[in-house]
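Enquirer:
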Amino acid sequence: MIDWIVSNPLVFTILKIVAIIVPLMLAVAYLTYAERKVIGYIQVRIGPNRVGPWGLLQPIADGLKLALKEVIFPAKSNLYLFLVAPVLAIGPALAAWAVMPFDATMTLANIDAGLLYILAITSMGVYGIVIAGWASNSRYAFLGALRSAAQVVSYEIAMGFALVGVLVAAGSLNLGQIVLGQQGGFWHWYWLPLLPLFVVYFISGVAETNRAPFDVSEGESEIVAGFHVEYSGMAFAVFFLAEYADMILISMLASVMFMGGWLSPFQGIPGLESLFSWVPGIVWLLLKTSFFLFLYLWFRATFPRYRYDQIMRLGWKVFIPVTLVWLIVVATAQVMDIGPWFSEPASHDSVALIEGND
Amino acid sequence: MEHIIFYCLAAILLFAATMVVTVRNPVRATLFLILAFFSSAGVWLLLEAEFLALTLVLVYVGAVMVLFLFVVMMLDIDLAPLQEGFTKYLPLGMFVAALITIEMIAVLGANHFGLDVVPSPSPHPADYSNTREIGLLLYTVYVYPFEIASVILTVAIVAAITLTLRQKNSKSQDISQQVKVRREDRVRIVKMQSSPTKTKEQEAQL
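Protein sequences appear in the order of chains A and B. So in my numbering, spot 311 of the first sequence is number 311, and the numbers just go up one at a time. Throughout, my numbering is defined as the position within the second sequence, counted from one, plus 1000.
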């Protein structure tokens, strides 16, 4: 049976996809629980505590309730696009996981241009929001869609530049190679040499996923619920799933590209390294991801919503210049072998290749 | 397998491209254009041009078409006047279309791109990186065309931004001024007695 599965690539791939999607969906469910608990405690409340012990079954109850609710189609809406929009939102949010390196060998598709693939696929997520806003035939939804479109396109540029910095530092577009380029423990991870890019990346990630304090596309206090105001039941749940899957994706990408991915933080420390060598790499990756997810929730509980012109200013006038300057710094350090991080000849094979061609 | 994928993608591409010009609703036309871009990116992937394919999705689908959609969604186009001259311009349009088709066949036909002239490239090994090859060529052999193209694009950006800067009386926020604001500038605390002493008239009313 097992031999047949492994020898049949299609079945094996589908099984691998299931092995990613199912834990992801569970993580989404319990991320909503964590969000309510964390924000509850930050605001000196308890949070959900009625369904199951410590309220642990609350996400299941919520999911059931959403599944049983009627999906209402607004009159005069564009029904076809109205139904396609949630699919377009969740499709990219799941497809991006294909290239995620969970461990040295655990990747669904270990493709060469993984970083580009992630950028390209996540940039498509905005269509779900834009089409939902337009197809709903509602002023509030439309305003939310327009805000979201402008915001996502603006922050994509800063995000892309931050990733170019990672690419320059690692000398590869492959996510596994990027992780391997950070070998050597906590102080060798890219968060330190690429600190400005790291900060820009994560904040842009929050903006890309339309989370607080950049959630103007929902803006409960201004435009009711923004782009998904007309959605109910499972159609709404799909948007919700997409948003949270995107949050987990951005957090995991941040840990892969700046926090050493599956590498142990104790690498290179004499006693601790061997003490923790039994821990599988994916555990470190998940711990790092949880940290970034906690940051998401912390942001939401701490910061008030940005004003729209401030969002645009931050993206265009602060983040893009910062990334441009730091790109030059990283590139210079990489070419001139400057500093403790870029002294190893990591990307010199490309230079050798040119010379070899002559 | 590869052929099946190619024909599927090509069929979707042709269908989407036809719909772009025939569908009446401009938003739908834009969405079909996005589908066309996406399926041509798939065709490029089959050609082992993964860098170009992903860049097509990233730049055109992810950014340019979002802005397109942004503009088109806000337009309120009355379609009837747009179709008035349809029959009048039909012969001219057909002529131009035929001309373009003939030109394309002449240039891209079997004479220049047939298998005997350009043999089909041998598939590359697994460690071949299309991205690296393009980068190496772009920054060595073709560095001057590349730089000139980027300068032209920069000039175009500056020109476009200057065009929008013409109206001087637009509202804008000065962030440094906003940050400098202190509480005293905005809020004035007025001290009042909590229970004002009653006047004679009020007492008389009571």
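Cβ coordinates follow ideal geometry from the N, Cα and C atoms, glycine included.
1) Which word fits B/His-1003, buried or exposed, when buried means at least 16 other C-beta atoms lie within 10 angstroms of its C-beta?
2) Helix or strand or just coil, what does DSSP make of A/Val-351?
3) Please list, in chain order, all residues of the same chain as A/Leu-143 whose beta carbon is under 7 Å from its beta carbon, the five residues on each side excluded.
4) For the alpha helix (DSSP H) containing A/Asp-246, name the first residue and the last one.
5) With DSSP collapsed to three states, give me the class of A/Arg-147.
6) Thinking C-alpha only, which one of B/Phe-1032, B/Asn-1111 and B/Leu-1108 is nearest B/Leu-1013?
7) When Cβ atoms are compared, which residues of the segment 1015-1029 of chain B fall closer than 7 Å to chain A?
8) Per DSSP, what kind of secondary structure is A/Gly-356 in: helix, strand or coil?
9) With a Cβ-Cβ cutoff of 9 Å, do A/Met-259 and A/Trp-187 count as a contact?
10) Which of helix, strand or coil does DSSP assign to A/Tyr-155?
11) Write down the C-beta distance between A/Phe-319 and A/Ser-204 rounded to the nearest angstrom, noting that I regard them as a contact closer than 8 Å.
12) Report all residues from its chain with a CB closer than 6 Å to the CB of A/Gly-47; omit the five preceding and five following residues, and keep chain order.
13) Listed in chain order, which residues of the segment 1050-1079 of chain B have Cβ atoms closer than 8 Å to some Cβ of chain A?
14) Quick check: is the beta carbon of A/Phe-262 nearer than 9 Å to any beta carbon in chain B?
15) Are the CB atoms of A/Leu-173 and A/Leu-167 within a distance shorter than 9 Å?
16) Going by the CB atoms, is the gap between A/Gly-165 and A/Ala-327 shorter than 9 Å?
17) For chain B, check one thing: does any of its Cβ atoms lie closer than 9 Å to the Cβ of A/Leu-324?
18) Rounded to a whole number of angstroms, what is the C-alpha to C-alpha distance between A/Ala-75 and A/Ser-136?
19) Helix, strand or coil: how does DSSP classify A/Lys-76 here?
20) Measure the C-alpha to C-alpha separation of A/Thr-13 and B/Ala-1053 and round it to an integer number of angstroms.
21) Under 9 Å between the Cβ atoms of A/Ile-269 and A/Gly-185?
22) Please list the partners that B/Ile-1175 has in chain A, where partner means a Cβ-to-Cβ separation under 8 Å.
23) Below 7 Å on C-beta distance, what does B/Ser-1129 contact in chain A?
24) Cβ of A/Gly-160 less than 9 Å from any chain B Cβ?
Expert: Result, derived from the coordinates:
1) Counting from 1 along the second sequence, the entry for residue 1003 of chain B is found at position 3. An exposed status is given to B/His-1003, since fewer than 16 other beta-carbon atoms sit within 10 Å of its beta-carbon.
2) In the first sequence, counting from the first residue as 1, residue 351 of chain A sits at position 351. Reliability fails at A/Val-351, whose pLDDT of 43 lies under 50, so the model's placement of it is uncertain and no value is given.
3) Locating residue 143 of chain A in the first sequence gives position 143, counting from the first residue. The answer, listed in chain order, is Ile-223.
4) Translated into positions along the first sequence, residue 246 of chain A becomes position 246. Element bounds for A/Asp-246: 233-258.
5) Numbered from 1 along the first sequence, position 147 holds the residue referred to as residue 147 of chain A. Three-state result, A/Arg-147: helix.
6) Start at 1 with the first residue of the second sequence, and residue 1013 of chain B comes out as number 13. Selected option, being the one with the closest Cα: B/Phe-1032.
7) Listed in sequence order: Val-1027.
8) The count along the first sequence starts at 1 and reaches residue 356 of chain A at position 356. With a pLDDT of only 40 at A/Gly-356, under 50, the local geometry of the prediction cannot be trusted, and the value read off the model is given with reservation. Under the three-state reduction of DSSP output, A/Gly-356 falls in the helix class.
9) Here residue 259 of chain A is taken as the residue at index 259 of the first sequence, counted from 1. Here residue 187 of chain A is taken as the residue at index 187 of the first sequence, counted from 1. Contact: no.
10) Here residue 155 of chain A corresponds to residue number 155 of the first sequence, with the count starting at 1. Collapsing the DSSP output to three states places A/Tyr-155 in a helix.
11) Your numbering for residue 319 of chain A matches position 319 in the first sequence. Your numbering for residue 204 of chain A matches position 204 in the first sequence. Confirmed, about 7 Å.
12) The count along the first sequence starts at 1 and reaches residue 47 of chain A at position 47. These residues qualify, in order along the chain: Arg-36, Lys-37 and Gly-40.
13) Against chain A - using a Cβ distance shorter than 8 Å - the residues of the segment 1050-1079 of chain B are Glu-1050, Phe-1051, Leu-1054, Thr-1055, Val-1057, Leu-1058, Val-1061, Gly-1062, Ala-1063, Val-1066, Leu-1067, Leu-1069, Phe-1070, Met-1073 and Met-1074.
14) Translated into positions along the first sequence, residue 262 of chain A becomes position 262. Looking at the sequence itself, residue 262 of chain A is Trp, so the reference to Phe does not match. Taking a beta-carbon distance threshold of 9 Å, A/Trp-262 does not count as an interface residue toward chain B.
15) Mapped onto the first sequence, residue 167 of chain A falls at position 167. Mapped onto the first sequence, residue 173 of chain A falls at position 173. One thing to note: A/Leu-167 has its Cβ within 9 Å of the Cβ of A/Leu-173.
16) In the first sequence, residue 327 of chain A corresponds to position 327, counting from 1. In the first sequence, residue 165 of chain A corresponds to position 165, counting from 1. For clarity, residue 327 of chain A is Leu in the given sequence; the question names Ala instead. Yes, Cβ-Cβ distance for A/Leu-327 and A/Gly-165 is below 9 Å.
17) The residue labelled residue 324 of chain A in the question sits at position 324 within the first sequence. Taking Cβ atoms only, chain B never reaches closer than 9 Å to A/Leu-324, which makes this a no.
18) Numbered from 1 along the first sequence, position 75 holds the residue referred to as residue 75 of chain A. Numbered from 1 along the first sequence, position 136 holds the residue referred to as residue 136 of chain A. Pairing A/Ala-75 with A/Ser-136, the inter-Cα distance amounts to about 9 Å.
19) Taking the first residue of the first sequence as position 1, residue 76 of chain A is located at position 76. Coil.
20) What you label residue 13 of chain A is simply residue 13 of the first sequence in a count that begins at 1. What you label residue 1053 of chain B is simply residue 53 of the second sequence in a count that begins at 1. Whole-angstrom Cα-Cα distance: 23 Å.
21) Counting from one through the first sequence, the residue named residue 269 of chain A turns up at place 269. Counting from one through the first sequence, the residue named residue 185 of chain A turns up at place 185. In this structure, the beta-carbon distance from A/Ile-269 to A/Gly-185 falls below 9 Å.
22) To locate residue 1175 of chain B, count along the second sequence from 1; it is residue 175. The answer, in chain order, is Gln-310 and Arg-313.
23) Within the second sequence, numbered from 1, the residue matching residue 1129 of chain B stands at position 129. Those are Asp-112, listed as they occur along chain A.
24) As a first step, residue 160 of chain A is located in the first sequence; it is residue number 160 there, counting from the start. True, the Cβ-Cβ gap to chain B drops below 9 Å.
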